[in-house]
Each structure stands twice: as C-alpha cells, then as structure tokens.
Amino acid sequence: MIPNKLRDNSGASLLIALLFFMICAVIGTLILTIAVAASGRMLHLKENQQSYYNIYSAAKLLEEEIQNTSYSKYVQIDSEHNETMHYLEKPTGVFRELLLQYADTIFDTGTIKEAKLIKISLPSNPNMQPVIVTFHMDINYQILLEVYEETQPDIVYEVKIPSIISQNYEKTTFIQDDNEYIRYTTSLYWGKAEISRK
Numbered sequence: 013m014i015p016n017k018l019r020d021n022s023g024a025s026l027l028i029a030l031l032f033f034m035i036c037a038v039i040g041t042l043i044l045t046i047a048v049a050a051s052g053r054m055l056h057l058k059e060n061q062q063s064y065y066n067i068y069s070a071a072k073l074l075e076e077e078i079q080n081t082s083y084s085k086y087v088q089i090d091s092e093h094n095e096t097m098h099y100l101e102k103p104t105g106v107f108r109e110l111l112l113q114y115a116d117t118i119f120d121t122g123t124i125k126e127a128k129l130i131k132i133s134l135p136s137n138p139n140m141q142p143v144i145v146t147f148h149m150d151i152n153y154q155i156l157l158e159v160y161e162e163t164q165p166d167i168v169y170e171v172k173i174p175s176i177i178s179q180n181y182e183k184t185t186f187i188q189d190d191n192e193y194i195r196y197t198t199s200l201y202w203g204k205a206e207i208s209r210k
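In terms of the working numbering, the sequence shown opens at residue 13 and continues consecutively.
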C-alpha cells in the first residue's frame, strides 16, 4: 500500500496546474500594467502633439504678420538745430503699433525696450489654447519671439525675424527755401522668419 502511494502522481499534476495558473496571473498582471502605462503615455503624447501644432501655428501666424513689413523714418535738423521727425513708411498689420513702438525707441534714443509678453488667440481655430508670446527687438531692429502655451511652458518655439536695413541713420544735407537741413534716415524691412523649437 505504501509503495503504491509513493508511485501515485495525481497530486503532482494539481501542483503543476496551480503553478502554471500563478505564472499566467503574474504575466497577465504585467501585461495589464504595461498597457495602462502605455495608454497614459499615449494620451499625454496626444496632448503634447496638439500643443506643438498650436504653438507652431501661432509662430507661423506671427511670421506672416511681421515679415516683409517696412519701417522708414527720418529726423530733420535745421540750421537753428530744431528737430522734426517724419515717417516715410510705417509697419502694417496686426502688430503695427508694437513694431512702431520698438523701432521708434531704437531710432529716437538708440536704446531697446524691455521684452513684452503678449497673449494671443488664433483666429483660425478658436478652440485652441491662447499662446503667450515674448516679443523682443534688438538694437539692429531684429525681432526674436518666443511662443508657448500657458499650460505647456516647456514647449517653446522661437521665431527670429531679421531686419534688412537699406539705410541706417544715413546723413543727407540739403538746402530748401534758403535754409540748410540735415536729415538722418533709417529704412528697413523685416525679412523671412526662421522658426525653430527651443
């Protein structure tokens, strides 16, 4: 009787079945955990992609509004040192006042204004998040914009818009109505922008 019990394998198959089900449960749990984590990453990836598209669209809009816009101004000084300033050409478009303020500060004082934060919404898609734009113009009238969403400040696009200067405070002397005048003229336009991710 005892030798028969020692040869009996019926309990071993139950043990192997339990071990197999335990291994399957562990593998199933791992697969489920990986799938949940991946779906969370995919959702976050979709939100990031939407932010990239939104910010890039805003950068393209800014580029189209500013590039090929002109600015030309002169200061005229008479023989008694009286100064008058006149525009030959002013910027146009949505950002004309901003461009005028910054360019005038450089022309009039030879200094630059502090960078300005602007919040804009894309007219083409009102469902998109508004974007924040940091506007800066350097002493050579070149424009640097940083564009990002308030909710995603780590995704930033830079828009560099070069200034193509045809005259930079160029001096002209002329006589009009028996008076001698000196004129200093600056003329430029903003060229093709370069957009890159920061």
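Cβ atoms here follow ideal geometry from the backbone N, Cα and C, with glycine treated the same way.
(message) Rounding to the nearest angstrom, what Cα-Cα distance links K72 and A127 in this structure?
(response) 20 Å
(message) Let me check one thing: in DSSP terms, what residues is I176 bridge-paired to?
(response) Y201
(message) Is the beta carbon of F119 closer than 8 Å to that of K85?
(response) yes
(request) State buried or exposed for T197, treating a residue as buried only when at least 16 other CB atoms are found within 10 Å of its CB. (result) buried
(message) For K128, list the residues DSSP reports as bridge partners.
(response) F147
(request) Would you check if the region 180 to 193 and the region 155 to 162 touch, i.e. whether three or more CB-CB distances between them fall below 8 Å? (result) no
(message) Please classify S63 as buried or exposed, where buried requires at least 16 other C-beta atoms within 10 Å of its C-beta.
(response) buried
(message) Here's the rule I'm using: 16 or more other beta-carbon atoms within 10 Å means buried, otherwise exposed. How should I35 be labelled?
(response) exposed
(message) Can you give me the C-alpha to C-alpha distance between T163 and V143, rounded to a whole angstrom?
(response) 9 Å
(message) Using the Cβ count rule (16 or more neighbours within 10 Å means buried), how would you classify I28?
(response) exposed
(message) Please tell me whether Y201 and S91 are closer than 8 Å, where the distance is taken between their beta carbons.
(response) no
(message) At the level of alpha carbons, what is the spacing between E109 and I124?
(response) 16 Å
(request) Give the single residue among I78, G203, T104 and I130 whose Cα lies nearest to the Cα of S178. (result) G203
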